[in-house]
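Input: a single structure, listed below in structure tokens.
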Amino acid sequence: MVIDNSRYVAFWTSPERFRLKYLLNLVSAAPSYPLQRGLALHVISEETDRGSTSEAIDARLKAEGYTQKAVSSARRLFKEYQRYNSVGAPTVVAVEQEFVAPIPGSPHQIAGRIDQILKVKNDCWVGDLKTAKADKDRGQLEFQWKHDSQADFVIIGAR
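In the numbering used here, the protein residues as written are 31 to 189.
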């Protein structure tokens, strides 16, 4: 069995919800606005890092069915992200890198996807884009990320 972070969290949060979503494939017809905004941000970042044109990015966003509201918000977030990273910006080496890693002592594996592999001077870093509700402050987000199992998955994948 290959386990990704979403399935891992879903199972430990609610085995019944895991069963409904991942075993019976019962999911909402359309993703929520926050999810669409985050996914659209990832598309914009990924395609920009790959050198895609604005037209190609627009076509992908449209093809994937994101709402105009989510796309507009994602574009504003990406503009801020670019502004924040404009000075001494790292070089993006790779985007959306998939990984599969064995679980020691188990026949199972973990899998995931790393948003960005970055080169900063002579070091490689992992970049992970996150969106959050406006009412969360940086301290809350840092605490949440430090205690999120996704960080463990990404670290294993990066190794």
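Using N, Cα and C, we set each Cβ at its ideal position, and we do this for glycine too.
As the structure is a prediction and not an experimental result, all values here were calculated from the model.
Simplified DSSP assignment, three categories, for ALA100: In the three-state reduction of the DSSP assignment, ALA100 falls in the helix class.
Which residues bound the beta strand (DSSP E) around LEU148? Looking at the DSSP string, the run of the beta strand (DSSP E) that includes LEU148 is 139–150.
Between the beta-carbon of VAL122 and the beta-carbon of LEU159, is there less than 8 Å? no
Q. Between which two residues does the beta strand (DSSP E) containing ILE33 stretch?
A. 32–34
Tell me which residue opens and which closes the alpha helix (DSSP H) that GLY68 is part of. 63–79
Which two residues bound the contiguous beta strand (DSSP E) that contains ALA131? Unbroken beta strand (DSSP E) run through ALA131: 121–132.
Checklist entry - What number of angstroms, rounded off, separates the C-alpha of TYR52 from the C-alpha of GLU128? => result 20 Å
Applying the criterion that 16 or more other CB atoms from any shown protein chain within 10 Å of the CB defines a buried residue, is PHE108 buried or exposed? buried
| request: Count the other CB atoms, across all protein chains shown, that sit within 10 Å of the CB of GLN98; report buried if there are 16 or more and exposed otherwise. | output: By the 16-neighbour rule on beta-carbons within 10 angstroms, GLN98 is exposed.
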